[in-house]
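Structure, as structure tokens:
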Amino acid sequence: MQIFEDILSTQKRLLELRSKGHTIGFVPTMGALHKGHISLVERAKKENSITVASIFVNPTQFNDKGDYTKYPRTLESDLKMLNGAGCDIVFTPSEKEIYPNPDTRTFDFGEMGNVMEGKHRPGHFNGVAIVVSKLLDIIKPDKLYLGQKDFQQVAIIKELIKQLHLPIAVISCPTLREQNGLAMSSRNTRLIGTQREKAGIIYETLCGIKEKAASVNAEDLISWGKKNIEGVIGFNVEYIDIVCANTLKTVNAMSDCDEVVVCAAVKTGEVRLIDNLQIK
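All letters in the sequence shown, in the order written, are residues 699 to 978 by the working numbering.
Pasting the structure below:
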């Protein structure tokens, strides 16, 4: 496994590989890796001759600077995990390498970028778009591998690639879960005491909404879901939204859309957890 910290060396090596006919699969991460990330690397290895991962905690996507400061950084163990998974190249740039100068670009994703995460984390998706556009320009992958846990982010990145006219296929991979159903996330390491065990209520509630979806309207499903999660002491719902998978528009009835997803953001202590589940 080769590790590069600067853009020029990374591009030079990838150009050599590309000239020999290799296809490139790319897994962008912010580190603090877990089995979910590794599943993306394993999928990329199956579908490409070269797999590249990046580790970069991107400051521009944190609307809460305290959250950025507290984000777990575990580079040494991350590199061991990637090496064990057979990753070929890891790009680990510094903030100065990615942002030698402030990037003031503004992206417009319409209503898709203003709901759910976009509503509760102003500027988040613009920061995501800035760094992803930079990384895609550096790596120039054939395929980009993303986890479905960040459902709205996957939709935003697909739209970004469309707007930039990039010939890159986006592969959305299933969410991996802990034994209690909690979606695997780097933020789970910040859960303390019984929070991690109790956080299974989020997935349990999403499954309950799916079970009830055929006979209960969306407004009542959301009300039930919020009450169910907040019945666990210390858990507070930031939002539960039921949306059309392709447009992220709110669904009032299951007949409104062919593919329907329920998305949720929940806070417990200082940790914010997100999850989603396709219900139709």
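The beta-carbon is built from N, C-alpha and C at its ideal position, and this holds for glycine as well.
For SER775, the uninterrupted alpha helix (DSSP H) segment begins and ends at 773-782.
Counting of Cβ neighbours within 10 angstroms places GLY816 among the buried residues, the total reaching 16 or more. Residue pairing of ASP939 in beta bridges, as defined by DSSP: CYS961. Contact annotation, ALA783 with THR887: C-beta distance approximately 19 Å; criterion of less than 8 Å not satisfied. Spatial neighbours of LEU842 in its own chain (CB-CB distance under 6 Å, excluding positions within 5 residues in sequence) are listed in chain order as PHE724, ILE866 and VAL868. Where ILE836 is concerned, the enclosing alpha helix (DSSP H) starts and stops at 822-837.
The Cβ atoms of GLY898 and GLU928 do not sit closer than 9 Å to each other.
PHE933 places its beta carbon 9 Å or farther from that of VAL959. The alpha carbon of ILE787 has as its nearest neighbour, out of HIS732, ILE828 and GLU714, the alpha carbon of GLU714. The alpha-carbon of ALA881 is positioned some 24 Å away from that of GLU857. Going by DSSP, GLY734 is part of no beta strand (DSSP E) but of the alpha helix (DSSP H) stretching over 733-745.
C-alpha of LYS832 to C-alpha of ASP918: approximately 42 Å in a straight line. Rounded to whole angstroms, the gap between the alpha carbons of TYR797 and THR772 is 21 Å.
Rounded to whole angstroms, the separation of the alpha carbons of GLY891 and VAL852 is 31 Å.
Note that the region 726-740 touches the region 761-779; at least 3 beta-carbon pairs, one per stretch, sit closer than 8 Å.
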